[in-house]
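**Q** Sharing a structure, written as structure tokens. Questions coming.
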Amino acid sequence: MAKSRTHHIGRLVTVVLEPGEPLLASVAQVASSMGISFASVSFRANLSSARLILGRRRYTRRAHDPDRVSFDDGREVVGNGHITQSESGSVEVALRCAVGREREVLVADIVEATVGDGATLTLVEGYAAA
Numbered sequence: 021m022a023k024s025r026t027h028h029i030g031r032l033v034t035v036v037l038e039p040g041e042p043l044l045a046s047v048a049q050v051a052s053s054m055g056i057s058f059a060s061v062s063f064r065a066n067l068s069s070a071r072l073i074l075g076r077r078r079y080t081r082r083a084h085d086p087d088r089v090s091f092d093d094g095r096e097v098v099g100n101g102h103i104t105q106s107e108s109g110s111v112e113v114a115l116r117c118a119v120g121r122e123r124e125v126l127v128a129d130i131v132e133a134t135v136g137d138g139a140t141l142t143l144v145e146g147y148a149a150a
């Protein structure tokens, strides 16, 4: 279910996803139906399962060999990302989150995820995520 309100920096949209919904596809569907072609995203989600690609070490900023990780035991994650519109007109969603692993915090790109107990995302239209 999506709620929308006007904000001085652009349209601010809160998206609440129900358990079992695919995270990326649901966000893309909401953005497309609301005519959002470019937005920054911040979120907190309980994911029942996910496939992630681990990237850089957050605290050292040194390159880390990309590593794929999956889980199906449910986890709460926070993160950010962006929504863009491709040249073909389709809406593309890129989200990343912080993942703790063996005394380090890594940033991971979300490849696929299913919402567990729920997810809340905030979209700010027209602004890129930092």
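With this note's numbering applied, the sequence shown covers 21 to 150. Don't be surprised by glycine CBs; every beta carbon is placed ideally from N, CA and C. It should be emphasised that the depicted structure is a prediction, and the values quoted were computed from it without experimental measurement.
1. Leaving aside the five residues before and after Asp92 along the sequence, list all residues of the same chain whose C-beta is less than 6 Å from its C-beta, in chain order.
2. Take Ser106 and list the residues in its own chain whose beta-carbon comes closer than 6 Å to its own, dropping the five residues that flank it on each side.
3. Over what stretch of residues does the alpha helix (DSSP H) that includes Ser52 continue unbroken?
4. In this structure, what does DSSP give as the bridge partners for Arg64?
5. Output yes or no for whether 8 Å exceeds the beta carbon distance between Leu126 and Gly75.
6. For Thr80, which three-state DSSP category applies?
7. Roughly how many whole angstroms lie between the Cα atoms of Gly146 and Ala118?
8. Three-state secondary structure (DSSP) at Gly146?
9. Helix, strand or coil: how does DSSP classify Phe58 here?
10. Classify Arg71 as helix, strand or coil using the three-state DSSP reduction.
11. Just tell me which of Gly55, Arg116, Ser62 has its CA closest to the CA of Val131.
12. Taking just the CA atoms, how far does Glu124 sit from Ala45?
**A** In short:
1. Ser69
2. Glu112
3. 43 to 53
4. Val98, Thr140
5. yes
6. Residue confidence is low: Thr80 scores 40 on pLDDT, short of 50, so the model does not pin down where it sits. Its coordinate-derived value is still stated next. Coil at Thr80, not helix or strand.
7. 24 Å
8. coil
9. coil
10. strand
11. Arg116
12. 30 Å
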